[in-house]
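Number of protein chains: 2
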Amino acid sequence: MLDFKAAVNKLRSYLKENNLRFTTERLTILEEIFNYPSHFDAEQLFIHIRNKHDNISRATVYRTLDLLSQIGILKKENLGHNYASYELDFNLPHHDHLICLECGKVVEFADPVIEKRQREICEKNGMEMIRHQLQIFGRCREHDKK
Amino acid sequence: MLDFKAAVNKLRSYLKENNLRFTTERLTILEEIFNYPSHFDAEQLFIHIRNKHDNISRATVYRTLDLLSQIGILKKENLGHNYASYELDFNLPHHDHLICLECGKVVEFADPVIEKRQREICEKNGMEMIRHQLQIFGRCREHDKK
DNA sequence: AATCAAGTTGAGAATGAGTCACGTTTCATG
DNA sequence: CATGAAACGTGACTCATTCTCAACTTGATT
Ligand SMILES: [Zn+2]
Ligand SMILES: [Zn+2]
Ligand SMILES: [Zn+2]
Ligand SMILES: [Zn+2]
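Chain order of the listed sequences is B and X. Going by our numbering, the first residue of the first sequence is number 1, and it counts up by one from there. Going by our numbering, the first residue of the second sequence is number 1001, and it counts up by one from there.
Set out below in structure tokens:
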């Protein structure tokens, strides 16, 4: 996948610029993330990785997720659980989330009107917007027939 | 304060309807919440209460916060920390939050256009909306002059 | 290719928010 | 004011995440 190579390059150059090391662990984790469904959590991913590479530790997975989030390859978000979720955020347009409380399904959406109003709200309040997160929690219609 | 009495009544009737007890602990905690700034967290509140009433336990504070959230006297929310925040939600209109990452200031806002679009997004995706949460993280202009 | 300083890792201990179990206390009703 | 269910306080526990630190890589330099 092209994006993967580009992400590796981005990681590599960030590390070089900051005198950090390009390790096989970091590469492996990035690779596995690209083969893994979005909106995953650290523990899930760690177990997945452990099944294929029995030498990567939980701490390294957590540390690498942090690193990749800082660089802008991942986005860390709260989807209403008591743990963080992550998804790729590399050359991808912004979106927010609609989450079914019944089955956990996550729908992504992006609404230009909502986005615009947010910028205006920041403006009005003398704030510079850094990021935002909109989560709508609901219930799929199919769960109605109880 | 009038709202406080009304909230006590709401609590009292909810408890009666469900064969639960109106305890002094529950009353005390509700009272302290009304004297406490909004968007507080459980631990903060617990310490505050402990300074005045040395017999109320942490577990009871947590249990009561849950109870009050279920009844609709409080709203439990995630303001971007690794702990929950709470605020009064009794006879108050819905709002969302604008949070300064520099100083932690929280601005409340409600935007009818955003709210309407959210309902439409749910509609379009065959979901029934239960609740939502929009957090905008930014930086107050006054921090710019670094 | 050998060296070496500094960054990184794995293992497991530590942390911190929140929950649970359980023996004791309190409330509401008769 | 006796009764029994509901709540309480304590402290142990859970679970995600972070920290510590000795051992191990990395990559720039000889
Ligand atoms: Zn958005
Ligand atoms: Zn997403
Ligand atoms: Zn809203
Ligand atoms: Zn608020």
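The beta carbon of each residue, even a glycine, is placed where N, CA and C say it ideally should be.
In the stretch 125 to 138 of chain B, which residues sit with their C-beta less than 7 Å from some C-beta in chain X, listed in chain order? ASN125, GLY126, MET127, GLU128, MET129, ILE130, ARG131, HIS132, GLN133, LEU134, GLN135, ILE136, PHE137 and GLY138
CYS1103 (chain X) CB to nearest chain B CB: under 8 Å? Within the second sequence, numbered from 1, the residue matching residue 1103 (chain X) stands at position 103. It does not; no Cβ of chain B falls within 8 Å.
Whole angstroms is fine: what's the gap from GLY72 (chain B)'s alpha carbon to LEU88 (chain B)'s? Indexing the first sequence from 1 puts residue 72 (chain B) at position 72. Indexing the first sequence from 1 puts residue 88 (chain B) at position 88. Taking the straight line joining both Cα atoms gives about 9 Å.
Using CA coordinates, which residue listed in X:GLU1128, X:CYS1140 and X:ARG1021 is at the minimum distance from LYS124 (chain B)? Taking the first sequence and counting its residues from 1, the one referred to as residue 124 (chain B) is at position 124. Residue X:CYS1140 is the option with its Cα nearest to LYS124 (chain B).
Interface residues of chain B facing ASP1066 (chain X) [CB-CB closer than 8 Å]: Along the second sequence, read from residue 1 onward, the residue named residue 1066 (chain X) stands at position 66. Ordered by position in chain B, no residue passes the 8 Å Cβ test against ASP1066 (chain X), which lies about 14 Å from the chain.
Quick check: does the Cβ of HIS1095 (chain X) come within less than 7 Å of any heavy atom belonging to ligand 4? Your numbering for residue 1095 (chain X) matches position 95 in the second sequence. Checking every heavy atom of ligand 4 against the Cβ of HIS1095 (chain X), one is found closer than 7 Å.
8 Å is my cut-off, CB to CB: does GLN991 (chain X) come that close to chain B? In the structure displayed, chain X extends from 1001 to 1146; residue 991 (chain X) sits before or after that span and is not available.
Give the secondary structure of LEU1098 (chain X) by DSSP, where H, G and I count as helix, E and B as strand, and everything else as coil. Translated into the one-based positions of the second sequence, residue 1098 (chain X) becomes position 98. Strand.
HIS132 (chain B) versus LYS1010 (chain X): straight-line alpha-carbon distance, rounded: Translated into positions along the first sequence, residue 132 (chain B) becomes position 132. Translated into positions along the second sequence, residue 1010 (chain X) becomes position 10. Distance between the alpha carbons of HIS132 (chain B) and LYS1010 (chain X) is about 35 Å.
Output needed in chain order: residues of the stretch 1033 to 1047 of chain X with a Cβ under 7 Å from some Cβ in chain B. none
Proximity of TYR1083 (chain X) and LYS1076 (chain X) at Cβ, strictly below 8 Å: For the purposes of this step, residue 1083 (chain X) is identified with residue 83 of the second sequence, where counting begins at 1. For the purposes of this step, residue 1076 (chain X) is identified with residue 76 of the second sequence, where counting begins at 1. Going by C-beta atoms, TYR1083 (chain X) is not nearer than 8 Å to LYS1076 (chain X).
Start and end residues, alpha helix (DSSP H) containing PRO25 (chain B): In the first sequence, counting from the first residue as 1, residue 25 (chain B) sits at position 25. Here residue 25 (chain B) turns out to be Glu, not Pro, going by the sequence shown. First-last of the alpha helix (DSSP H) with GLU25 (chain B): 24 to 34.
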